[in-house]
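Below is one structure, written out as structure tokens; comments come after it.
Residue numbers (UniProt numbering): 1 to 96.
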């Protein structure tokens, strides 16, 4: 049976952003919180800078502003920080 013009196949939609090729993948073992990941990935210098960036609304996880440093990240999450020098980011890469 022919499909009408313009009909699309049903494709599952991911809630996560596709991995951006210019962002490094940072390997983590087990669970990691947003503040810890920001430091591990080198996106901020220390915990104080992480706290300020998160509380100021300058951090997004998968395109959504995240204001909780304790937010648990998952494999494939895209974390971006809007810094004065320009945005930087990394992708969470869980290691078994």
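All C-beta atoms in this analysis are idealised placements derived from N, C-alpha and C, irrespective of residue type, glycine included.
Straight across, the Cα-Cα distance linking residue 76 with residue 67 is about 19 angstroms.
Taking C-beta atoms under 8 angstroms as the contact rule, residue 33 and residue 70 qualify, at a distance of about 5 angstroms. For residue 89, the three-state secondary structure derived from DSSP is strand.
Under DSSP, residue 29 shares a beta bridge with 95. For residue 80, the uninterrupted beta strand (DSSP E) run begins and ends at 78–83, by DSSP.
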